[in-house]
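Enquirer:
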Amino acid sequence: MVYNVKTDKFEGPMDLLLELIEKEKLDVTELSLAHVADQYLEYIRNEEDIKLENLAEFLSVASKLILIKSRALLPLLEFSEEEEEEIKDLAKQLEEYKKFKEASLVLGKMSEAGRVSYERPSYAGVQDIFYPPENVNIYDFRKYFQSVLQEIPIVEKLDEEIVREVITLEEKINDLQNTLRQRVEMSFGELTHNATDKIDVILSFLAMLEMVKQRIIDVEQNELFQEIKMRNKGVNE
Numbered sequence: 005m006v007y008n009v010k011t012d013k014f015e016g017p018m019d020l021l022l023e024l025i026e027k028e029k030l031d032v033t034e035l036s037l038a039h040v041a042d043q044y045l046e047y048i049r050n051e052e053d054i055k056l057e058n059l060a061e062f063l064s065v066a067s068k069l070i071l072i073k074s075r076a077l078l079p080l081l082e083f084s085e086e087e088e089e090e091i092k093d094l095a096k097q098l099e100e101y102k103k104f105k106e107a108s109l110v111l112g113k114m115s116e117a118g119r120v121s122y123e124r125p126s127y128a129g130v131q132d133i134f135y136p137p138e139n140v141n142i143y144d145f146r147k148y149f150q151s152v153l154q155e156i157p158i159v160e161k162l163d164e165e166i167v168r169e170v171i172t173l174e175e176k177i178n179d180l181q182n183t184l185r186q187r188v189e190m191s192f193g194e195l196t197h198n199a200t201d202k203i204d205v206i207l208s209f210l211a212m213l214e215m216v217k218q219r220i221i222d223v224e225q226n227e228l229f230q231e232i233k234m235r236n237k238g239v240n241e
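Take 5 as the starting number for the sequence shown in my numbering and just add one per residue.
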């Protein structure tokens, strides 16, 4: 069935497409686009008032509608990734256009309402005067102000804490690797000589174990609780 559009002018292909879908009382979906595809194509085929500069835009939408119509008729038909994206974009664009059009109608009504409303004119020479409540004096105002101040919580000074830089195990491993490239061999005590806290020592120990596990370094300890010596394994090889 050919649908004759009564509106003489459309602002663009999206305006035409939205009009067709709303006339059929459909939601903006791929199925509804396929439903009105023939009506859209019939309109641009018979419409002589479409300006040349707008024709390309109308034809671009028409090509996407043909893809959607083809999918509806031939569900097993495969499309390229680009064609799939064009189909999705058309539905999204039309949905966004619908939102903006509805918003423009609301703004239009607000603008029309402004034509029949008037602001109260100001009168030159009239001085604004403050009329305080009766039986209220300056002492009452001071009392009220003090009561408000008392309701404001007092901000207590917080104890200052030292902000320490957080070092990760990965960073500690990199530091140890760089050190052993320069010194080849060093003891664990030398590595942790400048440690600021226990966490730094623990991280250094974990870094050493990880590098032993990865066969990057060799470690040696002659007796229990004696110094651990670390050696860059790459030098020996």
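Ideal Cβ placement from N, Cα and C applies to all residues, glycine included.
1) Have a look at V216 and I177 and give me their C-alpha separation to the nearest angstrom.
2) Use the C-beta contact count for N236: other C-beta atoms within 10 angstroms, 16 or more gives buried, fewer gives exposed.
3) Who pairs with R235 in a beta bridge, going by DSSP?
4) Under 8 Å, do A95 and L180 count as touching if we go by C-beta distance?
5) Could you give the residue range of the alpha helix (DSSP H) that holds E214?
6) If you measure between the beta carbons of L71 and E87, is that distance less than 8 Å?
7) Identify which residue in I171, M234, K202 and T200 has its Cα closest to the Cα of F192.
8) Given a threshold of 16 other Cβ atoms within 10 Å of its Cβ, counted over all protein chains shown, does R219 qualify as buried or as exposed?
9) With burial defined as no fewer than 16 other Cβ atoms inside 10 Å of the residue's Cβ, what is the status of E44: buried or exposed?
10) Between L210 and L173, how many whole angstroms is the CB-CB distance? I'm expecting something under 8 Å.
11) Should L1 be labelled buried (16 or more other beta-carbon atoms within 10 Å of its own) or exposed?
12) Shortest alpha-carbon distance to E231 belongs to which of L213, M190, A199 and K202?
13) Mind checking S84: buried by the 16 CB within 10 Å criterion, or exposed?
14) Short of 8 Å in beta carbon distance, which residues of its chain neighbour S208, apart from the five on each side in sequence? Order them along the chain.
15) Here's the rule I'm using: 16 or more other beta-carbon atoms within 10 Å means buried, otherwise exposed. How should L111 be labelled?
Expert: Reading it off the structure:
1) 11 Å
2) buried
3) E189 and D222
4) no
5) K202 to K217
6) yes
7) Ranking the options by Cα distance to F192, first place goes to M234.
8) exposed
9) Here the sequence assigns Tyr to residue 44, which means Glu is not the residue at that position. Classification of Y44: buried, given that the 10 Å Cβ count is 16 or more.
10) Indeed they touch by this definition, with Cβ atoms about 6 Å apart.
11) As displayed, the chain neither begins before 5 nor continues past 241, which places residue 1 out of reach and without an answer.
12) M190
13) exposed
14) K176, L180, F192, L195, T196 and A199
15) exposed
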